[in-house]
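Residue numbers (the UniProt record's numbering): 1 to 130.
Think of the CB as a built atom: it goes at the ideal place given N, C-alpha and C, for glycine as much as any other residue.
Here the structure comes first, spelled out in structure tokens, and everything after it is commentary.
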């Protein structure tokens, strides 16, 4: 079944009210429209106002907010966060082992007798190469 028309367009009523009273608060708009028989919540008024406000008005609102906010001094070094460009993530680099390498290590462990014996041999080799 089709939806019946529910009376006046609430969003248009909000836009019209803001056209006549651009500095009105959402509570005030909801109260005034309620007197005319148009029931809206202040939250809905805020939503309609924010979606219908033009981009230039949003930019000017941001600019005025930036002007009133205290400025934060940036460091002179300009150090960047994160790992350096071109370096690999150590967590993924250490976990990337080919299947062939794993099979070779498995054969070595079987020859050595246990994983612990293979680890001990690798520790000794690391000290020799050191």
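Practice problem: Return the Cβ separation of residue 14 and residue 36 in integer angstroms, given the expectation that the two are a contact with Cβ distance under 8 Å. | Solution: About 12 Å; that fails the 8 Å criterion.
Exercise. Identify, in the order they occur along the chain, each residue of the same chain with its Cβ nearer than 7 Å to the Cβ of residue 11, setting aside the five sequence neighbours on each side.
Key: 48
Quiz prompt | C-beta contact flag for residue 118 and residue 105 at 9 Å | solution = yes
Quiz prompt | Burial state of residue 84, where buried means 16 or more other Cβ atoms lie within 10 Å | solution = exposed
Quiz item: Short check: CB of residue 42 to CB of residue 26, under 9 Å?
Solution: yes
Practice problem: Along the alpha helix (DSSP H) that carries residue 120, what are the first and last residues, could you check? | Solution: 115–129 is the extent of the alpha helix (DSSP H) around residue 120.
Exercise. For the alpha helix (DSSP H) containing residue 22, list its first residue and its last residue.
Key: Bounds of any alpha helix (DSSP H) do not take in residue 22, whose DSSP letter is neither H nor E.
Self-check item: Beta-carbon separation (whole angstroms), residue 29 vs residue 39, contact threshold 8 Å
Solution: Actually they do not touch by this definition, with Cβ atoms about 12 Å apart.
Self-check item: Helix, strand or coil at residue 53 [DSSP, three-state]
Solution: Looking at residue 53 - three-state DSSP - the assignment turns out to be coil, as it is neither helix nor strand.
Practice problem: Indicate the three-state DSSP secondary structure (helix, strand or coil) for residue 15 in the structure shown. | Solution: helix
Quiz item: How would you label residue 33, buried or exposed, when you count the other beta carbons within 10 angstroms and need 16 or more for buried?
Solution: buried
Practice problem: Find the nearest neighbour of residue 53 within the set 81, 16 and 123, judged by alpha-carbon distance. | Solution: 16
Self-check item: Sequence-distant residues of the same chain with beta carbon closer than 7 Å to residue 112, five excluded per side
Solution: 118 and 121
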